[in-house]
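Worksheet: one structure, shown below.
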Amino acid sequence: MSDGKNGLTYAQAGVDIDAGNRMVDQIKPLVRSTRRAGADSEIGGFGGLFDLKAAGFTDPILVAANDGVGTKLKIAIEAGKHDTIGIDLVAMCVNDIVVQGAEPLFFLDYFATGKLDPDQGVAIVKGIAEGCKQAGCALIGGETAEMPGMYQEKDYDLAGFAVGAAERGQLLPADDIVEGDVLLGLSSSGVHSNGYSLVRRIVAQSGLSWAEAAPFADGLTLAEALLEPTRIYVKSLLKAIRETHGIKALAHITGGGFPDNIPRVLPEDFSAELDLEAIDVPPVFSWLAKTGGVTPEEMMRTFNCGIGMIAVVAAGQAAQVAAVLQEAGETVTPIGRIVPRRDAGVIYRGKLSL
45 MSDGKNGLTY AQAGVDIDAG NRMVDQIKPL VRSTRRAGAD SEIGGFGGLF DLKAAGFTDP
105 ILVAANDGVG TKLKIAIEAG KHDTIGIDLV AMCVNDIVVQ GAEPLFFLDY FATGKLDPDQ
165 GVAIVKGIAE GCKQAGCALI GGETAEMPGM YQEKDYDLAG FAVGAAERGQ LLPADDIVEG
225 DVLLGLSSSG VHSNGYSLVR RIVAQSGLSW AEAAPFADGL TLAEALLEPT RIYVKSLLKA
285 IRETHGIKAL AHITGGGFPD NIPRVLPEDF SAELDLEAID VPPVFSWLAK TGGVTPEEMM
345 RTFNCGIGMI AVVAAGQAAQ VAAVLQEAGE TVTPIGRIVP RRDAGVIYRG KLSL
């Protein structure tokens with residue numbers, strides 16, 4: 045056996061197991077705060093557990109989604125603000141689950157970095173836990189990977205995985221979408237978590253630093269304004285689905301914007317006709333369009349432009365569904381209707397107020 049005089053350690057190779065263990069100890073209370081029916085075990089095992097029966101399901105269909113945060117992470121890293129990016133990670137997964145009529149049940153994260161900073165890691169998990177609480181799902185596990193040589197020391201990446209469930213026969217989209225159904229738009233909280241490669245290019249072109257005042261948001265730095273977390277629509281949508289039974293389909297407006305995401309939930313013989321003048325475009329999008337010289341068409345296929353979720357609702361139930369959503373805290377605007385299929389899956393009327 046070696047006498048150890050010239051033996052290398054894992055820490056000398058750049059991986060600090062003790063730092064990882066300290067981080068796990070610090071995040072246990074955060075994870076515990078997300079407990080819900082069906083998930084009450086501690087993290088630390090080789091796999092996370094969930095009891096569907098304890099969660100109240102009798103004949104469930106599981107719905108899974110995974111996602112990341114994209115280059116919005118670069119702003120968090122460069123600005124040194126890590127406490128909300130985890131909300132984005134959860135949002136991008138659970139919003140995709142609820143659009144299928146399913147309730148998000150549990151979440152797992154993957155956090156990879158070049159050099160583990162336990163304080164940074166705890167801040168990130170704090171955001172993940174907050175996102176899980178907003179969505180009503182449990183954080184039942186995750187993975188922290190310290191990979192020197194793969195990432196620069198301050199860089200990190202995030203991925204998330206969520207699982208939800210719906211009783212058999214209750215998944216969306218429904219099969220009864222017809223001409224005249226109304227499109228209800230739910231307001232976004234801002235840029236959400238897509239299009240940030242273009243956002244960062246526009247910011248670089250503007251010459252502004254992350255610490256400077258945001259031209260479109262009073263009292264916030266540019267980084268703070270652009271790191272506004274993605275809105276999580278889960279609880280309000282589940283309430284509307286269960287209380288009204290009036291939502292036929294939901295479209296999460298992420299990468300690809302209106303023209304790519306809305307047709308995904310419509311039958312092939314229908315199009316969505318959008319009244320662009322009904323959309324109240326937040327100032328951040330006007331600033332991005334003007335500063336970057338981005339055309340309205342490019343804005344609508346890259347960003348949500350103020351509408352983070354769209355519900356397809358029977359005309360006779362639109363007012364009822366909108367009222368339930370508004371009572372749950374959403375800002376809801378009728379923005380269009382379902383029409384017979386034309387050349388495109390989305391047809392625009394009017395102009396976007398950029």
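So in the numbering used here, spot 35 of the sequence shown is number 79, and the numbers just go up one at a time. Glycine included, C-beta positions come from ideal geometry on N, C-alpha and C.
Mark Leu93 as exposed unless 16 or more other C-beta atoms lie within 10 angstroms of its C-beta, in which case mark it buried.
Within the sequence shown, numbered from 1, the residue matching residue 93 stands at position 49. Exposed: under 16 other Cβ atoms inside 10 Å.
Tell me the DSSP bridge mates of Val376?
Start at 1 with the first residue of the sequence shown, and residue 376 comes out as number 332. DSSP lists Leu230 as partners of Val376.
Residue(s) in a DSSP beta bridge with Ile382:
Stepping through the sequence shown from its first residue, residue 382 is reached at position 338. In the DSSP output, where bridge partners are listed per residue, Ile382 has Ala316.
Candidates Ala316, Asn348 and Lys334: which alpha carbon is nearest Arg393's?
Along the sequence shown, read from residue 1 onward, the residue named residue 393 stands at position 349. That would be Ala316, whose Cα lies nearest to the Cα of Arg393.
With a Cβ-Cβ cutoff of 8 Å, do Ile71 and Ile129 count as a contact?
For the purposes of this step, residue 71 is taken as the residue at position 27 of the sequence shown. For the purposes of this step, residue 129 is taken as the residue at position 85 of the sequence shown. Not in contact: Ile71 and Ile129 (Cβ atoms no closer than 8 Å).
Using the three-state DSSP reduction, which class does Ala63 fall into: helix, strand or coil?
Taking the first residue of the sequence shown as 1, we reach residue 63 at position 19. Correct three-state label for Ala63: helix.
Leaving aside the five residues before and after Met344 along the sequence, list all residues of the same chain whose C-beta is less than 6 Å from its C-beta, in chain order.
As a working mapping, residue 344 is identified with position 300 in the sequence shown. Once the five neighbours on either side are set aside, the close Cβ partners of Met344 are Gly301 and Phe302.
Out of curiosity, what's the CA-to-CA distance linking Lys395 and Gly389?
Stepping through the sequence shown from its first residue, residue 395 is reached at position 351. Stepping through the sequence shown from its first residue, residue 389 is reached at position 345. Each residue's alpha carbon lies about 18 Å from the other.
Residue range of the alpha helix (DSSP H) that Ala248 falls in?
Translated into positions along the sequence shown, residue 248 becomes position 204. From DSSP, the alpha helix (DSSP H) with Ala248 extends over Tyr240 to Ser250.
Supposed contact pair Ala355 and Pro365 - C-beta distance, whole angstroms, cut 8 Å:
Taking the sequence shown and counting its residues from 1, the one referred to as residue 365 is at position 321. Taking the sequence shown and counting its residues from 1, the one referred to as residue 355 is at position 311. Per the sequence shown, residue 365 should be read as Val rather than Pro. Confirmed, about 7 Å.
Among Phe314, Asp324 and Ile379, the one whose alpha carbon lies nearest that of Val386:
Counting from one through the sequence shown, the residue named residue 386 turns up at place 342. In the sequence on display, residue 386 carries Arg and not Val. Checked all of Phe314, Asp324 and Ile379; the closest Cα to Arg386 is Phe314.
Decide if Leu160 is buried, meaning its Cβ has at least 16 other Cβ atoms within 10 Å, or exposed.
Locating residue 160 in the sequence shown gives position 116, counting from the first residue. Buried: at least 16 other Cβ atoms inside 10 Å.
Under the three-state DSSP convention, the category Thr78 falls into
Along the sequence shown, one-based indexing puts residue 78 at 34. It is coil, neither helix nor strand.
Using the C-alpha atoms, what's the distance from Tyr154 back to Leu183?
As a working note, residue 183 is residue 139 in the sequence shown. As a working note, residue 154 is residue 110 in the sequence shown. Taking the straight line joining both Cα atoms gives about 12 Å.
Would Ile285 and Ile276 qualify as a contact pair, given that the criterion is a beta-carbon distance under 8 Å?
Sequence index remark: in the sequence shown, residue 285 carries index 241 (1-based). Sequence index remark: in the sequence shown, residue 276 carries index 232 (1-based). Taking 8 Å as the cut-off, the beta carbon of Ile285 is found no closer than this to the beta carbon of Ile276.
Taking three-plus beta-carbon pairs below 8 Å as touching, is the stretch 261-278 in contact with the stretch 137-146?
When Cβ pairs closer than 8 Å are counted between the two stretches, the stretch 261-278 is seen to touch the stretch 137-146, the count reaching three or more.
Using 8 Å as the threshold, is the stretch 173-183 in touch with the stretch 73-82, meaning 3 or more CB pairs across them?
yes
Which same chain residues, not among the five before or five after Ala209, have their C-beta less than 8 Å away from its C-beta?
Along the sequence shown, one-based indexing puts residue 209 at 165. In the same chain as Ala209, and ignoring 5 residues on each side of it, the C-beta atoms closer than 8 Å to its own belong to Leu96, Ala99, Phe101, Pro104, Ile105, Leu106, Val107, Ala146, Glu147 and Leu149, in chain order.
Exposed or buried, which one is Tyr54 when buried takes at least 16 other CB atoms within 10 Å?
In the sequence shown, counting from the first residue as 1, residue 54 sits at position 10. Under this definition Tyr54 is an exposed residue.
Per-residue DSSP class, three states only, for Ile323:
Counting from 1 along the sequence shown, the entry for residue 323 is found at position 279. Three-state result, Ile323: coil.
Confirm, please, whether the CB-CB distance from Leu227 to Ile391 is below 8 Å.
Within the sequence shown, residue 391 is the residue found at index 347, counting from 1. Within the sequence shown, residue 227 is the residue found at index 183, counting from 1. No, these two residues do not count as a Cβ contact at 8 Å.
Could you check where the alpha helix (DSSP H) with Ile129 kicks off and where it finishes?
Here residue 129 refers to the residue found at position 85 when the sequence shown is read from its first residue. Unbroken alpha helix (DSSP H) run through Ile129: Ile129 to Val142.
Please return the same chain residues whose Cβ sits closer than 7 Å to the Cβ of Ile172, not counting the five positions on each side in sequence.
Here residue 172 refers to the residue found at position 128 when the sequence shown is read from its first residue. So the list reads Gly130, Leu133, Val134, Asp153 and Leu183, once near-sequence residues are dropped.
Just curious, the beta strand (DSSP E) that Lys292 is in, first and last residue?
As a working note, residue 292 is residue 248 in the sequence shown. Annotation for Lys292: the continuous beta strand (DSSP E) segment containing it runs Ile291 to His296.
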